[in-house]
Amino acid sequence: GPDAPLHGVSTVHIGTDEYYGSRESYRRYVNDLIKYIKGKGYTPRIWGSLSAKRGNTPVDWNGVEVDIWSIGWQRPNEAIAQGAKIINITDVPTYSVPSGSNSQAAYGDYAN
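Numbering-wise (this note's numbering), the sequence shown opens with residue 35 and increments by one.
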């Protein structure tokens with residue numbers, strides 16, 4: 035059912051990166067998801083993007099786990115100051131997108 039517990043799970047990743055619409059609607063959406071996940075007893079985890087999506091709509095980051103995937107999208111010190119726990123997974127130099135073509139462009143395909 036819709037409220038079935040996720041056995042053995044304590045963290046739920048809600049995504050929320052690279053949104054290109056209204057900053058305020060993005061911030062509202064992220065905050066609504068965070069509240070919902072916390073309300074279900076789970077720890078929300080998100081892709082950090084609020085440094086790139088500044089606005090007036092408050093987002094409660096207390097206890098949220100934030101994946102720092104791009105310093106341009108999320109500055110770690112800002113996330114920590116907001117009460118978040120950060121996870122360093124910065125895209126450069128550790129991110130790879132296998133393309134199947136051996137392309138080593140923006141995110142190098144070193145899998146082959």
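Glycine included, C-beta positions come from ideal geometry on N, C-alpha and C. All figures in this text were calculated on a predicted structure; none of them were measured in a lab.
Between the region 55–63 and the region 89–98, the count of C-beta pairs closer than 8 Å reaches three or more; the two stretches touch.
Looking at the backbone, the Cα of Val98 and that of His41 are separated by about 20 Å. Contact between Asp101 and Ile80 holds, with the beta-carbon distance rounding to 7 Å and staying under 8 Å. Ranked by how close their Cα comes to the Cα of Ser44, the residues Tyr76, Tyr53, Ala118, Glu52 have Tyr76 in first place.
Taking the Cα of Trp107 as reference, the smallest distance to any Cα among Ala113, Asp66, Gly82 is reached at Gly82. In the DSSP assignment, Thr50 falls outside any beta strand (DSSP E) and carries neither an H nor an E.
Shown here for Thr50: same chain residues with a beta carbon closer than 8 Å to its own, the five before and five after excluded, namely Tyr60, Tyr63, Val64, Leu67, Ile80, Trp81, Ser83 in chain order.
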